[in-house]
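For the protein sequence lines, the chains are A and B, in the order given.
Under numbering that gives the first Met the number 0, the first sequence is numbered contiguously, ending at residue 290.
Under numbering that gives the first Met the number 0, the second sequence is numbered contiguously, ending at residue 248.
We treat Cβ as the ideally placed atom computed from N, Cα and C, and that holds for glycine.
The structure under discussion appears below in the form of structure tokens.
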Amino acid sequence: MIWTNAVIQGLLLGGLYAIFACGLSLMFGVMRLVNLAHGDLGVLGAYFAIILVEHLGGNPLWTFAAVIPVAALVGYLLQRFLLDHALNGGELSPILVTFGLSIIIENLLQQTFGANDQSLNIGALSYQSWKIASDIYVGRLNVIIFVVAVLVIVALQLFLSRTPAGRALRATADNRRAAALSGIDPKRTRAMATAIALATVAVGGLFLAMRSSFAPTSGSADLLFAFEAVIIGGLGNLWGTLVGGLVLGVAQTVGSQINPADGILIGDLVFLAVLAFRPQGLIASRSVAVR
Amino acid sequence: MALLRLEGTTAYYGHLQALHELSIELEKGEILAVIGANGAGKSTLLSLISGELRPRDGRVYFEDHDITRLAPHQRVRRGVALVPEGRHLFSTLTVEDNLLCGAAARRQGTWDLAAIYELFPFVKNRRKHRAAVLSGGEQQAVAIGRALMSNPSLLLLDEVSLGLAPVVIRDLYEGLLRITAEGTTLLLVEQNITEALRVANYTICLLEGRVVLEGAPSSLTQSEITEAYFGRQQSKDSSSPKRATRAKK
Chain A
0 MIWTNAVIQG LLLGGLYAIF ACGLSLMFGV MRLVNLAHGD LGVLGAYFAI ILVEHLGGNP
60 LWTFAAVIPV AALVGYLLQR FLLDHALNGG ELSPILVTFG LSIIIENLLQ QTFGANDQSL
120 NIGALSYQSW KIASDIYVGR LNVIIFVVAV LVIVALQLFL SRTPAGRALR ATADNRRAAA
180 LSGIDPKRTR AMATAIALAT VAVGGLFLAM RSSFAPTSGS ADLLFAFEAV IIGGLGNLWG
240 TLVGGLVLGV AQTVGSQINP ADGILIGDLV FLAVLAFRPQ GLIASRSVAV R
Chain B
0 MALLRLEGTT AYYGHLQALH ELSIELEKGE ILAVIGANGA GKSTLLSLIS GELRPRDGRV
60 YFEDHDITRL APHQRVRRGV ALVPEGRHLF STLTVEDNLL CGAAARRQGT WDLAAIYELF
120 PFVKNRRKHR AAVLSGGEQQ AVAIGRALMS NPSLLLLDEV SLGLAPVVIR DLYEGLLRIT
180 AEGTTLLLVE QNITEALRVA NYTICLLEGR VVLEGAPSSL TQSEITEAYF GRQQSKDSSS
240 PKRATRAKK
């Protein structure tokens, strides 16, 4: 029963990782850009929510409505005015630029908010739970996060497969040159990908802030988990990213069950095992973003 | 009014000059075949027109607008579409999605999915397949269809027949003739001279980035073309190319 519980809690945790990871996967697919500031941008969204709640009050849940559109707008501008230029500078410059962006964000947050842990207090929802078996309880918030994660990925998948804009994203990911020659505006497509990526990572940031505590440097750890989820699942495949998030979540909670200090280590080992024995990921990509 | 006009365009790859002050005019409704050996500058010429490469000197006009500085996707919106060498389909997308991507420019015209399927019926049966699993000829038809979906005024084709069986090439060229019947102007770049000269009403032969021969295919002899193509036995005044009278439609 202990193990069943660990697996269930791990699946719920994996949902959060999947939300963090899907934007990373999308941006890499569309423009071969590894955004090292991805996690920090999610944490930035969480701090924005803290400010909003401080000044306007109310249950932090409402901040989703404000943070998501702002994050999308920031993503659009970030791509247009920074990342597009970085992409022109060769393979290394996007990595350096986003690494620099990550450092800037973390230090600005530390300067402004201090290094203390913060949290978004959503009241009773944070500790209420449902009993699903004789001695297995699942946190309501964790279930909500999991459901939202699945919905976000389903919605993103539908957007990519059913709409002209989604088709343009897939086409650009598949063959940039042919996309431009077909009349698809590459700048607009890239900006759209980054806008979506930041909107999704902001959702992840807010959930992280509601679920536990976070600090200015939390973004780096989140980035690492997002990376692991993307690689475990298979690059550029949204279903793979979801599966990767879930596998990582389960690995961590089962690991913690074995030894409370080893959860993250076991997650990393599973990630390394996938890299070693199935580098294309658990779900080999043929659909969404890469190749 | 010329549909397309290049005025003294030069192009470089690094220090290597690929085109030397090239000036070309293309009338509406024409089928222009650009021939020449490997490295003659044919694909470079197409890149200048499609917008993938900007000339170092000279200007490119389309429908009397200066498009020299427009990006490829902006030129598609103006009505210039390229079928690139090697087809460059979106291999992970279905055939139908490939075609629909071509409509991203949202230009009005006669070409839509139904018209493409009528032009190349064998593509219709494959519309739910991923482009990667198609045969070479089918892929080329999809590539042409995708470009047509933008309802171009000028369709540029780079080595359409490359690597295809003669019977397939014949089919594709029949399709091209039907495309011109709908009012689209064609610019063909080909190494398959026979097929290109059969359909073209004007041809330009490039050698080392310069026009060495031009005229209506019917007005040129086989030996003239061979000489120009391989650059042997250059005429004494090699600086000025032989000019035949331009075929009037």
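Kindly list the residues whose CB is nearer than 7 Å to the CB of SER42/B, restricted to its own chain and excluding five residues on each side of it in sequence; keep chain order.
Once the five neighbours on either side are set aside, the close Cβ partners of SER42/B are GLU84, ASP157, VAL188.
Flag this pair as yes or no: are the beta carbons of THR240/A and SER24/A separated by less than 8 Å?
yes
Starting from TRP238/A and walking both ways along the alpha helix (DSSP H), at which residues does that stretch end?
From DSSP, the alpha helix (DSSP H) with TRP238/A extends over 237–257.
Using C-beta distances below 6 Å, list every residue in its chain close to ILE192/B, excluding the 5 sequence neighbours before and after it, in chain order.
Taking C-beta separations shorter than 6 Å and ignoring five residues to either side along the sequence, the partners of ILE192/B in its chain run ILE34, following chain order.
Does ARG290/A pass the burial test, meaning 16 or more other C-beta atoms within 10 Å, or should it be called exposed?
In this predicted model, ARG290/A has a pLDDT of only 34, less than 50, meaning its place in the structure is not dependable enough to derive any value.
In this structure, does DSSP put GLN127/A in helix, strand or coil?
coil
Taking 8 Å as the threshold (beta carbon to beta carbon), is ASP96/B in contact with chain A?
yes
Tell me the DSSP secondary structure of ASN4/A in three-state form.
helix
Please identify, using Cβ separations under 9 Å, the residues of the stretch 71–96 of chain B that lie next to chain A, in order along the chain.
PRO71, HIS72, GLN73, ARG74, VAL75, ARG76, ALA80, LEU81, VAL82, PRO83, ARG86, HIS87, LEU88, PHE89, SER90, THR91, LEU92, ASP96
Consider the C-beta atom of PRO163/A and the heavy atoms of the ligand COA; say whether any pair is separated by less than 7 Å.
No copy of the ligand COA occurs in the structure displayed, which carries no ligand at all.
Shorter than 8 Å from the beta carbon of GLU42/B to some beta carbon of chain A?
Looking at the sequence itself, residue 42/B is Ser, so the reference to Glu does not match. With 8 Å as the cut-off, SER42/B does not count as an interface residue toward chain A.
Taking its Cβ as the centre, do 16 or more other Cβ atoms sit within 10 Å of PRO216/B, making it buried, or is it exposed?
buried
Excluding five sequence neighbours on each side, which residues of the same chain lie with their C-beta closer than 7 Å to the C-beta of ALA201/A?
GLY41, GLY44, VAL66, ILE67, ALA70
Rounding to the nearest angstrom, what Cα-Cα distance links ARG277/A and PHE19/A in this structure?
22 Å
Would you say ARG53/B faces chain A, with C-beta separation under 8 Å as the test?
no
Is the stretch 109–116 of chain B touching the stretch 144–151 of chain B in the sense that three or more CB pairs, one from each, lie closer than 8 Å?
Output reads yes: the stretch 109–116 of chain B touches the stretch 144–151 of chain B.
Around the C-beta of GLN221/B, are 16 or more other C-beta atoms found within 10 angstroms, so that it is buried, or is it exposed?
It counts as exposed.
In chain A, which residues lie with their C-beta within 8 Å of the C-beta of SER218/B?
Chain A residues near SER218/B: none, gap ~33 Å exceeds 8 Å.
Could you name the residues of chain B that PRO93/A contacts, counting a contact when the two beta carbons are closer than 8 Å?
Those within 8 Å of PRO93/A in chain B number zero; the least Cβ separation is about 20 Å.
Rounded separation between ASN258/A and LEU10/A - CA only:
18 Å
When you compare the CB positions of ARG129/B and GLU95/B, do they come within less than 8 Å of one another, or not?
Cβ atoms of ARG129/B and GLU95/B: not closer than 8 Å.
Report all residues from its chain with a CB closer than 8 Å to the CB of ARG79/A; omit the five preceding and five following residues, and keep chain order.
LYS186, ALA190
Residues of the stretch 139–163 of chain B in Cβ contact with chain A at a cutoff of 9 Å, in chain order, please.
Taking 9 Å as the Cβ-Cβ cut-off against chain A, the residues of the stretch 139–163 of chain B that qualify are ALA142, ARG145, ALA146, MET148, SER149.
Quick one: which residues of the stretch 98–127 of chain B get their C-beta closer than 7 Å to a C-beta of chain A? List them in chain order.
LEU99, CYS100, GLY101, ALA103, ALA104
By the 8 Å beta-carbon criterion, what residues does the stretch 147–167 of chain A contribute toward chain B?
Correct list: PRO163, ARG166, ALA167.
At least one CB of chain A closer than 8 Å to the CB of SER49/B: is that the case?
yes
Rounded to whole angstroms, what's the CA-CA distance from HIS64/B to HIS14/B? Just pull it up for me.
Taking the straight line joining both Cα atoms gives about 30 Å.
On a Cα-Cα basis, can you pick out the residue from GLY38/A, TRP238/A, LEU281/A, ASN115/A that is closest to LEU155/A?
TRP238/A
Can you give me, in chain order, the residues of the stretch 177–204 of chain A that have a beta carbon less than 8 Å from any beta carbon in chain B?
ALA177, ALA178, ALA179, LEU180, SER181, GLY182, ILE183, ASP184, PRO185
Rounded straight-line distance, which links the Cα of ASN141/A to that of GLY101/B
Roughly 43 Å between the two C-alpha positions.
Name the two residues that bound the continuous beta strand (DSSP E) containing LEU88/B.
It is not in any beta strand (DSSP E) - LEU88/B carries neither H nor E in the DSSP assignment.
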